[in-house]
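Remarks on the structure that follows.
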Amino acid sequence: MEKSKTIVITGSEGEIGKSLKKFLESKNHNVIGIDLKKGKNNIQCDITNERQLNLKLNKILKNNKPDVLINAASIIPKIKKFNFTNYDSKKWIKTLQVDLYGSFFVSKICCKYFEKKNSGLIINLSSIYGAKGPDQTIYGKISKGSGYKSLEYSVAKSGLIGFTKALASFYANTNIKVLCLIIGGLYSKKLKKTFIKNYLSKTIEKKMINSEQICKYIYFCISNPEIVSGTSIKINGGADSIF
Ligand SMILES: NC(=O)c1ccc[n+]([C@@H]2O[C@H](COP(=O)([O-])OP(=O)(O)OC[C@H]3O[C@@H](n4cnc5c(N)ncnc54)[C@H](O)[C@@H]3O)[C@@H](O)[C@H]2O)c1
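According to the working numbering, the sequence shown is numbered sequentially starting from -18.
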């Protein structure tokens, strides 16, 4: 078994975060979760509150120097019909605050420790919607000026791809690596059958991804961070390779 690493996961009580925590702990790693929600051995904290985050996270990291940070916290807006022209700007800002600013705040803290030992890895979790605009028609019938999948999620997730490139480039010639996973739609029993059918028609694999597959990819990246810094790896069933 490989040497145990200390891995910080934001959004540790979410769908992917929970599976990831369990999976990485089963591989002998020391996992520190951060989430708004209370969870087993996690830090309950709002990552958009930089002051609170600094206090709570530093308190733990002082004695548990981090090796890896996984930015997974997110506000994934609910699928609900909306018009762009009267879209609520508070909702728009909230997603950017959590997915983008929150990832920036947690990265800053972890990089302080990474710089001291000249070693560290950040994995940002982006989405297929960070690379492509959502096709609104796979969610339901649309009329002029309306849609279902909110646009700020795409903005935040493409921001993470940019953040990955800029930060990796900032730390070029060091042993601090930054990479991004562009993840396709996660399968859930709660999803509507028509949505799944429409979504799959846009992929090569004709399969949605599951949490276990995501965990395996992340584990691979943690064990093999060489020559991928600054890149975004697509695990989306070939969703952008078919016309
Ligand atoms: N679920 C998908 O289909 C999918 C697809 C592609 C990419 N992703 C990405 O993977 C990551 C994880 O997705 P998920 O499905 O587990 O999401 P999720 O909604 O299940 O979990 C997100 C977690 O983030 C936490 N969070 C929200 N705001 C926070 C804050 N201010 N401070 C601390 N924690 C906060 C929530 O409490 C929640 O536990 C996200 O970045 C998401 O964009 C998900």
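Virtual Cβ for every residue (Gly too), placed ideally from N, Cα, C.
Bear in mind that the values here come from a model prediction, so they are computed numbers and not experimental data.
| Item | Value |
| --- | --- |
| Of the residues 77, 121, 72, 186, the one placed nearest residue 173, counting alpha carbons only | 121 |
| N- and C-terminal bounds of the alpha helix (DSSP H) containing residue 139 | 132 to 151 |
| heavy atom of ligand 1 below 7 Å from residue 219 C-beta | no |
| Ligand 1 heavy atom lying under 7 Å from the CB of residue 138 | yes |
| Ligand 1 heavy atom lying under 7 Å from the CB of residue 149 | no |
| Supposed close pair residue 211, residue 190 - CB separation, criterion 8 Å | About 23 Å separates the two Cβ atoms, so there is no contact after all. |
| Where residue -13 sits in the DSSP three-state scheme | strand |
| DSSP-derived helix/strand/coil call for residue 215 | strand |
| 4 or more residues per run - each alpha helix (DSSP H) lying fully within the region 91 to 128 | 109 to 112 |
| Identity of the residue in 181, 142, 157, 152 nearest residue 163 by Cα | 142 |
| Residue 103 vs residue 35 beta-carbon contact at 8 Å | no |
| Residue 216 versus 206, 192, 204, residue with shortest Cα-Cα distance | 192 |
| Neighbourhood of residue 60 by C-beta, 7 Å cutoff - its chain only, sequence neighbours within 5 removed | 120, 129, 130 |
| Proximity test, residue 79 beta-carbon vs ligand 1 heavy atom, cut-off 7 Å | yes |
| Proximity test, residue 17 beta-carbon vs ligand 2 heavy atom, cut-off 7 Å | Looking for ligand 2 in the displayed structure turns up nothing; the ligands present are ligand 1. |
| Contacting residues, own chain, Cβ-Cβ under 8 Å from residue 100 (five flanking each side not counted) | 48, 156, 157 |
| For residue 14, three-class secondary structure by DSSP | strand |
| Local conformation of residue 172 per DSSP, three classes | coil |
| Near ligand 1: residue 131 beta-carbon under 7 Å from a heavy atom | no |
| Whether residue 79 touches residue 54 by CB criterion (8 Å) | yes |
| Cβ-Cβ distance between residue 134 and residue 5 below 8 Å | no |
| Cut-off 6 Å between Cβ atoms - residues of its own chain near residue 226, not counting five sequence neighbours on either side | Because residue 226 is not part of the residues shown, which for the chain are -18 to 224, the question remains open. |
| Local Cβ density within 10 Å of residue 137, reported as buried at 16 or more and exposed below that | buried |
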